[in-house]
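Below is one structure, written out as structure tokens; the observations come after it.
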Amino acid sequence: FTLTQPHSVSGSPGKTVTISCTRNSGDIDTNQVQWYQQRPGTSPRLLIFDHNQRASGVPDRFSGTIDSSSNSASLTLSGLKTEDEGDYYCQSYDSSRIDWVFGGGTTLTVL
Amino acid sequence: EEQLLESGGGLVQRGGSRRLSCVVSGFTLSDFAMSWVRQAPGKGLEWVALISGSGGGAYYANSVGGRFTVSTDYSKNTLFLQMYILQTDDTALYYCARMAGFGSYRFESWGQGTQVIVSS
Numbered sequence: 001f002t003l004t005q006p007h008s009v010s011g012s013p014g015k016t017v018t019i020s021c022t023r024n025s026g027d028i029d030t031n032q033v034q035w036y037q038q039r040p041g042t043s044p045r046l047l048i049f050d051h052n053q054r055a056s057g058v059p060d061r062f063s064g065t066i067d068s069s070s071n072s073a074s075l076t077l078s079g080l081k082t083e084d085e086g087d088y089y090c091q092s093y094d095s096s097r098i099d100w101v102f103g104g105g106t107t108l109t110v111l
Numbered sequence: 112e113e114q115l116l117e118s119g120g121g122l123v124q125r126g127g128s129r130r131l132s133c134v135v136s137g138f139t140l141s142d143f144a145m146s147w148v149r150q151a152p153g154k155g156l157e158w159v160a161l162i163s164g165s166g167g168g169a170y171y172a173n174s175v176g177g178r179f180t181v182s183t184d185y186s187k188n189t190l191f192l193q194m195y196i197l198q199t200d201d202t203a204l205y206y207c208a209r210m211a212g213f214g215s216y217r218f219e220s221w222g223q224g225t226q227v228i229v230s231s
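Following this line, the structure appears as structure tokens:
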């Protein structure tokens with residue numbers, strides 16, 4: 001299966017943005033979905049695991065959900081800060097192929 | 112504090128070989144599965160290979176299967192990725208990543224990456 005993300009999103013400081021991640025086949029809740037943040041020039045960092053659990057040290061401005069009706073996962077960032085700029089990737093696991101699948105990534109710009 | 116430090120990247124001719132290393136500290140390597148994930152210039156993340164903890168199995172992405180081999184040396188706290196028959200499409204920043212505990216499928220901590228450039 002593939003995970004499809006919007007190429008880019010933007011928002012103003014203090015506002016809220018949501019990044020979607022749509023699975024094209026199989027149910028989104030079949031395997032856990034994770035989200036990673038990659039600031040420019042840095043390594044990826046785990047933000048959300050198991051659909052909606054925040055990793056250690058991640059502020060509660062970040063939240064994850066899944067929606068079975070749209071077969072998608074979403075990452076919501078509230079109270080946007082300029083430091084949130086970067087790329088965000090969703091990730092899941094394809095048990096039929098033993099393959100760890102990443103979405104194509106979404107670039108967040110805080111205007 | 113956990114640290115993962117990759118090395119071994121560089122410029123290599125198409126068809127050549129390269130071995131990447133990832134020295135870890137702050138945790139016991141044999142207790143965790145470890146992965147290699149790569150990122151081509153300006154592109155997204157691609158999982159490459161995983162080796163289970165304590166001498167378990169190894170798994171590979173279709174794009175590298177049969178050409179890459181992942182291994183560990185627990186005495187040196189080091190993860191390796193031996194790459195053969197390199198292609199220009201293998202040009203990427205290669206990260207090692209520690210997986211979360213048994214039965215988990217997330218990449219919990221990452222190194223800073225080592226750059227591999229395959230020239231034609």
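Chains as they are written, first to last, in the working numbering: chain A, 1 to 111; chain B, 112 to 231.
Virtual Cβ for every residue (Gly too), placed ideally from N, Cα, C.
Expected contact under 8 Å - CB spacing of residue i and residue j to nearest Å
i                : j                : result
Val17 (chain A)  : Leu111 (chain A) : The pair is not a contact, with the Cβ atoms about 11 Å apart (cut-off 8 Å).
Ser72 (chain A)  : Cys21 (chain A)  : 6 Å
Leu116 (chain B) : Leu192 (chain B) : No, Leu116 (chain B) and Leu192 (chain B) are not in contact; Cβ-Cβ is about 14 Å, not under 8 Å.
Leu197 (chain B) : Arg125 (chain B) : 6 Å
Val135 (chain B) : Ala160 (chain B) : That belief does not hold up - the Cβ atoms of Val135 (chain B) and Ala160 (chain B) are roughly 16 Å apart, past 8 Å.
Ala151 (chain B) : Ala203 (chain B) : 5 Å
Pro117 (chain A) : Thr107 (chain A) : Not covered by the structure: residue 117 (chain A). The range shown for chain A is 1 to 111.
Gly164 (chain B) : Asp142 (chain B) : 6 Å
Gly137 (chain B) : Glu157 (chain B) : Contact doesn't hold; Cβ gap of about 26 Å is too wide.
Residue i - DSSP class collapsed to helix/strand/coil
i                : result
Asp184 (chain B) : strand
Glu85 (chain A)  : coil
Thr199 (chain B) : helix
Ser112 (chain A) : The shown model of chain A, from 1 to 111, leaves out residue 112 (chain A), and the question about it has no answer.
Asp99 (chain A)  : strand
Leu161 (chain B) : strand
Ser63 (chain A)  : strand
Ser141 (chain B) : helix
Ala73 (chain A)  : strand
Span separating the alpha-carbon of residue i from that of residue j
i                : j                : result
Gly64 (chain A)  : His51 (chain A)  : 6 Å
Tyr93 (chain A)  : Asp27 (chain A)  : 12 Å
Asp201 (chain B) : Ile162 (chain B) : 20 Å
Ser78 (chain A)  : Pro40 (chain A)  : 20 Å
Ile19 (chain A)  : Gly104 (chain A) : 12 Å
Asp87 (chain A)  : Thr109 (chain A) : 9 Å
Ser128 (chain B) : Met194 (chain B) : 5 Å
Leu122 (chain B) : Ser70 (chain A)  : 44 Å
Phe179 (chain B) : Asn173 (chain B) : 10 Å
Asn188 (chain B) : Cys133 (chain B) : 8 Å
Asn31 (chain A)  : Gln114 (chain B) : 28 Å
Glu219 (chain B) : Ser95 (chain A)  : 19 Å
Leu46 (chain A)  : Val33 (chain A)  : 11 Å
Tyr205 (chain B) : Gly11 (chain A)  : 31 Å
For residue i, the nearest candidate out of the options (CA to CA)
i                : options                                : result
Trp221 (chain B) : A:Ile48, A:Pro44, A:Ser12              : A:Pro44
Val9 (chain A)   : A:Trp100, A:Asp99, A:Asp84             : A:Asp84
Trp147 (chain B) : B:Tyr170, B:Gly121, B:Gln114           : B:Tyr170
Asp117 (chain A) : A:Ser12, A:Ile48, A:Ile66, A:Ser68     : As shown, chain A starts at 1 and ends at 111. That puts residue 117 (chain A) outside it, with no answer to give.
Gly167 (chain B) : B:Tyr195, B:Ser128, B:Met145           : B:Met145
Ser25 (chain A)  : A:Leu75, A:Ser68, A:Tyr88, A:Thr82     : A:Ser68
Arg217 (chain B) : A:Thr109, A:His7, A:Trp100             : A:Trp100
Phe102 (chain A) : A:Trp35, A:Thr30, A:Pro13              : A:Trp35
Lys15 (chain A)  : A:Gln91, A:Phe62, A:Ile98, A:Phe1      : A:Phe62
Pro6 (chain A)   : A:Thr30, A:Thr42, A:Ser96, A:Cys90     : A:Cys90
Ala211 (chain B) : B:Gly120, B:Tyr205, B:Thr139, B:Thr189 : B:Thr139
Ile228 (chain B) : B:Trp158, B:Gly119, B:Tyr185           : B:Gly119
Thr4 (chain A)   : B:Cys133, B:Leu190, B:Gly155           : B:Gly155
Burial state of residue i (16 or more Cβ within 10 Å)
i                : result
Gln37 (chain A)  : buried
Phe213 (chain B) : exposed
Thr225 (chain B) : buried
Gln223 (chain B) : exposed
Thr254 (chain B) : Lying outside 112 to 231, the shown extent of chain B, residue 254 (chain B) is not represented and no answer is given.
Gln53 (chain A)  : exposed
Arg23 (chain A)  : buried
Ser231 (chain B) : exposed
Thr183 (chain B) : buried
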